[in-house]
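Just below is one structure, and these are the notes that go with it.
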């Protein structure tokens, strides 16, 4: 009971402190608003970057087959149409005029795979996306049938998703040539008043018309099944909220140093309060503070910024607890390591900034040098931030279970080490 009383008493004092409220609540709200609004363009499909390479797989559909068109096209037109289809090889245009262009080839690397191999690589995160080219692409467009190029991406890299969609939208003119061919055929028939098929345009003729024609090829993006894209407001709500949990852990340390400097710990020892009860009080204090902080910041994001809350609310609550638990354990470890205010200042001014940078709180981890990207999984704030984003993408509890276990394990390890090395009277 001593630990619970210490935690509630310290929490009451903290929440009445306007300075602490400004730092732990008002400041992150301002950052969420500014970053989420100012950097929104970086989270739209039109955003482009040349900071790194993207690997994709091309899954080709069945090739065009003129035999399927013989019932609609006179025999004397088949040979001419065959020449045109050769000029309008959509797969070749996609690869040579899009992916091998000067502006794109240094950004995107690709390989042509079958669907199973591509999905396996996507699941293993060896590639960022899959581009599906339709079956019978040219045939369908010549006959005026709808065709869709599908782009499937994984959910880990927001930047890769945006770049892929922007590139394929930008080259939609070249990729729409088969539909333009169908328009030319129709126009030829209308001009001559023919009810039968008459085709005189060549592939080069059709290419020359591409600039003046409306683009009818439709592009749409989909993420992995059941996922949705993250906006800048959602990204920075999670990233900033998790970053400021580190400051809550710092306040747990500051609270302990205050009690040590003002001999509160000495008086507690005289009153038969054990070292374990003291640390339990600081642990629960930081745990409660982080839970309140995260709840308020996500509520602010939902009400004011219009972010989407996770569909799996139970997983969301469990993750809030796990993230808070990790910070509470870190606070206890700091209480055992840091002996004076100078050490606390170093943690708040240096260590927090390093962890925030590596955890993706300042900028998305995808735009950082590749050498730093794997480190996000070794920082509690980075792991928590990524897990929150997975839930906002409509992820489920099973998908973030490893992150929850990591956060709980990190908090437990820090708690045990902190209890072992803590000395109440050591200064």
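Residue numbers (the UniProt record's numbering): 1 to 427. Where a beta carbon is used, it is the ideal one built from N, C-alpha and C, also for glycine. The model shown is predicted, which means the values in this text are computed figures rather than measured ones.
Of the listed residues 294, 303, 240, nearest to residue 319 (C-alpha basis): One-based indexing of the chain shown puts residue 319 at position 319. Checking every option, the nearest Cα to that of residue 319 belongs to 294.
Close-in-space but distant-in-sequence residues of the same chain around residue 282 (CB under 7 Å, 5 per side omitted): For this step, residue 282 is matched to residue 282 along the chain shown. Excluding residues within five positions, the ones whose Cβ falls inside 7 Å are 252, 255, 256, 331, 332, 335.
Cβ pair count under 8 Å reaching 3, the segment 302-316 against the segment 386-404: yes
Simplified DSSP state of residue 153, which is helix, strand or coil: By one-based count along the chain shown, residue 153 stands at place 153. Strand.
Unbroken alpha helix (DSSP H) run spanning residue 392, endpoints: On the chain shown, position 392 is the one that residue 392 refers to. Per DSSP, residue 392 belongs to the alpha helix (DSSP H) from 380-392.
As assigned by DSSP and simplified to three states, the class of residue 271: Residue 271 sits at position 271 when you count from the first residue of the chain shown. Residue 271: coil per DSSP, three-state reduction.
Reference residue 232, options 14, 35, 19, closest by Cα: The sequence position of residue 232 within the chain shown is 232, counting from 1. With distances taken between Cα atoms, residue 232 lies closest to 35.
Beta carbon of residue 387 nearer than 7 Å to that of residue 403: In the chain shown, the residue the question calls residue 387 occupies position 387. In the chain shown, the residue the question calls residue 403 occupies position 403. Yes, Cβ-Cβ distance for residue 387 and residue 403 is below 7 Å.
Assigned exposure category for residue 349 - 16 Cβ within 10 Å defines buried: Here the question's residue 349 lines up with position 349 in the chain shown. It is exposed - the Cβ of residue 349 has fewer than 16 other Cβ atoms within 10 Å.
Residue 237 versus residue 358 - alpha carbon distance: Numbered from its first residue, the chain shown carries residue 237 at position 237. Numbered from its first residue, the chain shown carries residue 358 at position 358. Rounded to whole angstroms, residue 237 to residue 358 spans 17 Å at the Cα level.
Inter-residue spacing [alpha-carbon to alpha-carbon] between residue 428 and residue 117: Limits of the chain in this structure are 1 at one end and 427 at the other, which puts residue 428 out of reach.
Neighbourhood of residue 361 by C-beta distance below 6 Å, restricted to the same chain and skipping five residues each side: Within the chain shown, residue 361 is the residue found at index 361, counting from 1. 239, 243.
Supposed close pair residue 58, residue 108 - CB separation, criterion 8 Å: By 1-based counting over the chain shown, the position of residue 58 is 58. By 1-based counting over the chain shown, the position of residue 108 is 108. Their Cβ separation, rounded to whole angstroms, is 11 Å, which puts residue 58 and residue 108 out of contact at 8 Å.
Reference residue 280; option with closest CA among 250, 270, 153, 328: Taking the first residue of the chain shown as 1, we reach residue 280 at position 280. Of 250, 270, 153, 328, the residue nearest in Cα terms is 328.
Bounding residues of the beta strand (DSSP E) (the contiguous stretch that carries residue 58): By one-based count along the chain shown, residue 58 stands at place 58. First-last of the beta strand (DSSP E) with residue 58: 54-59.
Nearest-angstrom Cβ-Cβ length linking residue 33 and residue 289, presumed shorter than 8 Å: Counting from 1 along the chain shown, the entry for residue 33 is found at position 33. Counting from 1 along the chain shown, the entry for residue 289 is found at position 289. 22 Å between Cβ atoms; not a contact.
Whether residue 250 touches residue 347 by CB criterion (7 Å): Here residue 250 corresponds to residue number 250 of the chain shown, with the count starting at 1. Here residue 347 corresponds to residue number 347 of the chain shown, with the count starting at 1. Contact: yes.
Same chain, Cβ closer than 7 Å to residue 372, five either side skipped, listed in chain order: Working through the chain shown from its first residue, we reach residue 372 at position 372. Only 358 meet the Cβ criterion.
Other residues of its chain near residue 413: CB distance less than 8 Å, five sequence neighbours each side excluded: As a working note, residue 413 is residue 413 in the chain shown. For residue 413, where only same-chain residues beyond five positions count, the Cβ hits under 8 Å are 329.
For residue 273 and residue 364, the rounded distance between their alpha carbons: Stepping through the chain shown from its first residue, residue 364 is reached at position 364. Stepping through the chain shown from its first residue, residue 273 is reached at position 273. Approximately 45 Å, taken between the alpha carbons.
Backbone CA spacing between residue 326 and residue 114 [nearest angstrom]: For the purposes of this step, residue 326 is taken as the residue at position 326 of the chain shown. For the purposes of this step, residue 114 is taken as the residue at position 114 of the chain shown. Their backbone Cα atoms lie some 43 Å apart in a straight line.
Through-space distance from residue 134 to residue 345, alpha-carbon basis: Reading the chain shown from its first residue, position 345 is the one you call residue 345. Reading the chain shown from its first residue, position 134 is the one you call residue 134. Their backbone Cα atoms lie some 59 Å apart in a straight line.
Three-way DSSP call (helix, strand, coil) for residue 30 in this model: Locating residue 30 in the chain shown gives position 30, counting from the first residue. Residue state, collapsed to three classes: helix.
Minimum C-alpha distance to residue 6 - residue among 16, 268, 230, 397: Taking the first residue of the chain shown as position 1, residue 6 is located at position 6. Checking every option, the nearest Cα to that of residue 6 belongs to 268.
CB of residue 285 within 7 Å of CB of residue 24, strictly: Stepping through the chain shown from its first residue, residue 285 is reached at position 285. Stepping through the chain shown from its first residue, residue 24 is reached at position 24. Taking 7 Å as the Cβ cut-off, residue 285 and residue 24 do not qualify as a contacting pair.
Backbone secondary structure at residue 3 - three-state DSSP: Counting from one through the chain shown, the residue named residue 3 turns up at place 3. Reduced to three states, the DSSP call for residue 3 is helix.
Alpha-carbon spacing of residue 338 relative to residue 99, whole angstroms: Locating residue 338 in the chain shown gives position 338, counting from the first residue. Locating residue 99 in the chain shown gives position 99, counting from the first residue. So the two alpha carbons sit approximately 55 Å from each other.
Residue 375 versus residue 356 - alpha carbon distance: Residue mapping note: residue 375 aligns to position 375 of the chain shown, counting from 1. Residue mapping note: residue 356 aligns to position 356 of the chain shown, counting from 1. Approximately 11 Å between the Cα atoms of the pair.
Start and end residues, alpha helix (DSSP H) containing residue 109: The count along the chain shown starts at 1 and reaches residue 109 at position 109. Not the alpha helix (DSSP H): residue 109 falls in the beta strand (DSSP E), residues 108-112.
Rounded distance between the beta-carbons of residue 60 and residue 112, thought under 8 Å: In the chain shown, the residue the question calls residue 112 occupies position 112. In the chain shown, the residue the question calls residue 60 occupies position 60. With a Cβ gap of about 6 Å, residue 112 and residue 60 count as contacting.
Identity of the residues DSSP links to residue 130 by a beta bridge: For the purposes of this step, residue 130 is identified with residue 130 of the chain shown, where counting begins at 1. For residue 130, which the question treats as bridged, DSSP gives the partners 57, 152.
Cβ pair residue 241, residue 287 closer than 7 Å: Counting from one through the chain shown, the residue named residue 241 turns up at place 241. Counting from one through the chain shown, the residue named residue 287 turns up at place 287. Contact flag unset, no.
Local Cβ density within 10 Å of residue 4, reported as buried at 16 or more and exposed below that: What you label residue 4 is simply residue 4 of the chain shown in a count that begins at 1. Counting Cβ neighbours within 10 Å, residue 4 comes out exposed, since fewer than 16 surround it.
Under 7 Å between C-beta atoms of residue 322 and residue 408: Residue numbering aside, residue 322 sits at position 322 when the chain shown is read from its first letter. Residue numbering aside, residue 408 sits at position 408 when the chain shown is read from its first letter. Yes, these two residues count as a Cβ contact at 7 Å.
Where residue 17 sits in the DSSP three-state scheme: As a first step, residue 17 is located in the chain shown; it is residue number 17 there, counting from the start. It is coil, neither helix nor strand.
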